[in-house]
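Residue numbers (this note's numbering), protein chains in the order written: chain A, 3 to 237; chain B, 98 to 390.
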């Protein structure tokens, strides 16, 4: 299978503290690849490094023939990577429609893309003129995903999309992730909830102290709960 | 003379001050709101606008309106270009680090001020108003130009608001103000936005100066008082809040006009400073600012 995204020997620092240590992993085309690990393992930093928001000090991040570490942060979304950050980080002073417009502008997409996204997440249709900061937590998460989908990405980075949501909303987010996989979108998913991982992921990489300790198929994870206990401490 | 005429005159003078102050403070507020840079050199962009207005006006002979109109267009553009250059050469290299940019803009303040002293001189020089008419009010005649300053300032603020809320560039600026990191993650070249905002802020200060220079004259030290008043306005209104800036400018300008007329200009400044202290203690985010970002 070809790789949608390849990280090789990536080092990353916050000040003097090294957060990623020669981190490597492959995201296959059309798969949902979950990063699992304890708090501080470097999962969010990995996503931010892919997006160029935290600079990689060594190593390469390849998307096709393009090394993302050589691009300015604002140029990376144009390669077809979209990011849904932890805590949503919406433009809270802007309306729902304006948040979507920012997503559309990132890759020069137009109203047809916007309509497709709103068909995919129809709950936002009635909220277009509402300030995004006033939406409920679940609606904000939907908007964060919708804003990312406005780029028509082939790689989607999702950082704890179900955090703090009620069960019905969690199920809708999981359905959305599964539907995107069916559309061929490759997804890196950072998730703390093991059940969510088991229900949507194809493969799982266990992160510890900024390193990729092990990558396994999700079937193996189902048959070996000790793996989760070893790296995450629950299961 | 009865109380009424004095009150009307003080109110009109206060409104002229409010209008110009709002334009200038709008620039300061935009720069802080989007870039998180406290631009101590903002008053010098105002002064540079006035000095250039005098220079442009003196270049052109004939009707004063020609020179004034030339100044009204050219002066803000040149000041915006100077600000753009300063942003590229100084602020960007400091990575917009808040403390460092304060020190850098203090440096910029002295460079622009001394540049003006060297090439323009220490004299205060007038620029002729584009027209010299008086409008008859119930008790006295009042300068039509001063009323025009109020109208033009309101129009310019409205244009700025429309630019920010109705255009693509305005949307990009507001998104950058809301979340710099996410703006980058959605393809916005944040440093280029910053350069544009810094230039726009300086251009607004220069516009305010061109409007006021037929009333108050151009002088190389004229930027200091408006800078202080602009900081008072943006702190009261809420740093980064355009609505707050306009409301606070009207409040400060009117109180300055009325208190100066009936008591003393010093008391007006004291009360404005006291109001800032009250706001900082009881509502540090300002009247219209967000509680936290």
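All residues carry an ideal CB built from backbone N, CA and C; glycine is no exception.
Note that the structure is predicted; figures quoted are calculated from it, not measured.
For residue 311 of chain B, no chain A residue has a C-beta closer than 8 Å to its own C-beta; the minimum C-beta separation is roughly 38 Å. Beta-bridge partners assigned by DSSP to residue 156 of chain A: none are found. Taking C-beta atoms under 8 Å as the contact rule, residue 193 of chain A and residue 162 of chain A qualify, at a distance of about 6 Å.
Residue 90 of chain A is classed as buried because its beta carbon has at least 16 other beta carbons within 10 Å across all chains shown.
Distance from residue 342 of chain B to residue 119 of chain B at the Cβ level is roughly 7 Å; contact confirmed, criterion being Cβ atoms closer than 8 Å. Between the region 120–132 of chain A and the region 280–287 of chain B, the count of Cβ pairs shorter than 8 Å is below three; the stretches do not touch.
In its chain, beyond the 5 residues on either side, 118, 122, 342, 345, 346 and 349 have a beta carbon closer than 7 Å to the beta carbon of residue 330 of chain B. Under the DSSP assignment, residue 264 of chain B falls outside any beta strand (DSSP E); it carries neither an H nor an E label. Taken through DSSP and simplified to helix, strand or coil, residue 90 of chain A comes out as coil. The beta-carbon of residue 192 of chain B is placed no less than 9 Å from the nearest beta-carbon of chain A. At least 9 Å separates the beta-carbon of residue 188 of chain A from that of residue 37 of chain A.
Annotation: the region 69–153 of chain A contains the following complete segments of the alpha helix (DSSP H) (minimum length 4 residues), in chain order: 98–108, 113–122 and 139–151.
Of all residues in the region 63–80 of chain A, only 74, 75, 76, 77, 78, 79 and 80 place a beta-carbon less than 9 Å from a beta-carbon of chain B.
If only complete runs of 4 or more residues are kept, the region 259–329 of chain B shows the alpha helix (DSSP H) at 265–275, 277–282 and 287–313, in order along the chain. As the crow flies, the alpha-carbon of residue 42 of chain A is around 8 Å from that of residue 212 of chain A. Residue 245 of chain B places its beta carbon 9 Å or farther from that of residue 143 of chain B. With a threshold of 9 Å between beta carbons, residue 287 of chain B makes contact with chain A. In this structure, residue 226 of chain B sits near residue 242 of chain B, with a CB-CB distance shorter than 9 Å. For residue 340 of chain B, the uninterrupted alpha helix (DSSP H) segment begins and ends at 339–359. For residue 291 of chain B, the CB contacts under 6 Å within the same chain, skipping 5 residues up- and downstream, are 132 in chain order. Judged by DSSP secondary structure, residue 20 of chain A falls outside any alpha helix (DSSP H) and instead within the beta strand (DSSP E) spanning 19–30. Inclusion of residue 375 of chain B and residue 270 of chain B in the CB contact set at 9 Å is not warranted, their separation being larger than that value. Chain-ordered, the chain B residues with CB closer than 8 Å to the CB of residue 96 of chain A read 268, 271, 272 and 275. In the DSSP assignment, the residues bridged to residue 218 of chain A are A:206.
The CB of residue 108 of chain A comes closer than 7 Å to the CB of 283 and 284 in chain B, given here in chain order. Secondary structure at residue 371 of chain B: helix, using DSSP grouped into helix, strand and coil. Taking the Cα positions, residue 176 of chain A is about 22 Å away from residue 82 of chain A. Distances from the alpha-carbon of residue 139 of chain A to those of A:153, A:220, A:46 and A:88 put A:88 closest. Nearest C-alpha to residue 22 of chain A among A:203, A:210, A:156 and A:151: A:210.
The alpha-carbon separation between residue 145 of chain B and residue 319 of chain B amounts to approximately 9 Å. Interface with chain A (9 Å Cβ-Cβ cutoff): residue 278 of chain B is included.
Residues of the region 124–144 of chain A with a C-beta less than 7 Å from any C-beta of chain B: none at all. Taking a contact to require three or more Cβ pairs closer than 8 Å, the region 179–195 of chain B and the region 215–229 of chain B do not qualify as touching.
Residue 166 of chain B has its alpha-carbon roughly 13 Å from the corresponding atom of residue 174 of chain B. Residue 250 of chain B is classed as buried because its beta carbon has at least 16 other beta carbons within 10 Å across all chains shown.
The three-state reading of DSSP puts residue 153 of chain B in helix, counting H, G and I together.
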